[in-house]
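In our numbering, the protein residues as written are 1 to 276. A short worksheet on the structure shown next.
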Amino acid sequence: MAHSHCRRGERMSRENDFSVFDRPEVLSILFHPRKDSGHTPPARAEIHDIDVGDGIRIGARLYLTDAALPHILFFHGNGEIAEDYDDMGPVYNAFGLNFLVADFRGYGRSTGSPGVLSMFSDAHGVMRYFLKWMTENQRTGPLWIMGRSLGSAPAIDLAVAFPDKTYGLIIESGFAHTLPLLHRLGLHPAAFGGQNTRGFSNADTLARFSGPTLILHGEYDQIIPVNHAHDLFERSPAPRKKLHIIEGADHNTILMVAGRSYFEIIRNFITERGSF
């Protein structure tokens, strides 16, 4: 099993960058948790509760098809929960893709309260869990990592930390830099208590991942402007990378506007040139 390649000093520096956000006035903007309704998932879907340590369990929903087909480990946006993907999961399956959705702390079935530092550390626990689960269940299809909006941050981080286990990365409506995004959301720099921080930069992290990378973004995204997608694409060193701007879509209508082509873009990128 692969482990993070961060040196201790680098890891502590990154933790400082993360933990500066773990204060109430920041968390109230970044996270909007709600609980699972308890609805039964679709056929061939599974509910998993993942022990990530410290008494915390992370809920996940697995929408499964053939074990030899690709698997996507997905991290959602800040106003979503895994259960919201009960309609989309079977569509991914119909396109020949297994779809694994993990929640954040305090979201869905998960225990605890959300935080920035824990969002990253929990994602590592989720990744290790699914790597073990795939091995134990002969899930031989390749593992891709995908993140939407806030979920793009743990997704990119995992791709860098587990490069030999990650076949590729998909970023949907992701952000390149944290502080401009928070400023756009109305957070004054004083919220950081006068600490000098550059925050965590998805663009800087992505610059360390050279695997296949697909970036999708709405043309009129009003929360994370489309220039973030262009910045991420430019910073990616991947020999095989693609940027798709969905014309006429904003942050929350990208799937509705793109329709079937949303899934076709993802499926085609994963399967082209014998990716698995």
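Yeah, the Cβ is synthetic: ideal placement off N, Cα and C, and Gly gets one too.
Limits of the unbroken beta strand (DSSP E) element including residue i
i, result
"Asn98", "Asn98 to Ala102"
"Gly322", "Since the first and last residues shown for the chain are 1 and 276, residue 322 lies out of range."
Residue i, buried or exposed, once every other Cβ within 10 Å from all chains shown has been counted against 16
i, result
"Met256", "exposed"
"Gly108", "buried"
"Lys280", "No answer is possible for residue 280: the residues shown for the chain start at 1 and end at 276."
"Pro237", "exposed"
"Gly89", "buried"
"Asp76", "The displayed chain sequence assigns His, not Asp, to residue 76. Under this definition His76 is a buried residue."
"Thr316", "This structure leaves residue 316 out entirely; the chain is present only between 1 and 276."
"His5", "Its pLDDT being 44, under 50, His5 is placed unreliably by the model, and the measurement read from it follows with that caveat. Label assigned to His5: exposed."
"Arg61", "buried"
Residue i to residue j span [Cα, whole Å]
i, j, result
"Arg105", "Arg57", "8 Å"
"Met12", "Thr65", "Below a pLDDT of 50, predicted positions are generally treated as unreliable, and Met12, at 41, falls in that range; no measurement from the model is reported."
"Thr40", "Asp86", "9 Å"
"Met185", "Pro142", "Residue 185 is actually Leu in this sequence, not Met. Distance between the alpha carbons of Leu185 and Pro142 is about 36 Å."
"Asp22", "Ala159", "23 Å"
"Asn50", "Ser113", "Checking the sequence, you will find Ile at residue 50 rather than Asn. The straight-line gap from Cα to Cα measures roughly 15 Å."
"Ala102", "His188", "30 Å"
"Ile224", "Leu179", "12 Å"
"Thr140", "Leu100", "15 Å"
"Gly115", "Tyr63", "26 Å"
"Glu219", "Gly174", "13 Å"
Contact check, residue i vs residue j, beta carbons under 8 Å
i, j, result
"Leu214", "Phe269", "yes"
"Ile171", "Ser152", "yes"
"Gly168", "Ile156", "no"
"Pro70", "Leu27", "no"
"Met119", "Pro154", "yes"
"Gly59", "Ser110", "yes"
"Ser37", "Glu80", "no"
"Leu206", "Arg240", "no"
"Phe209", "Tyr92", "no"
"Ile246", "His217", "yes"
"Gly53", "Gly125", "yes"
Extent of the continuous alpha helix (DSSP H) to which residue i belongs
i, result
"Ile270", "Arg260 to Thr271"
**Q.** Segments of 4+ residues assigned as alpha helix (DSSP H) that fall wholly inside the segment 44-110
**A.** Fully enclosed alpha helix (DSSP H) runs of 4 or longer: 88-94.
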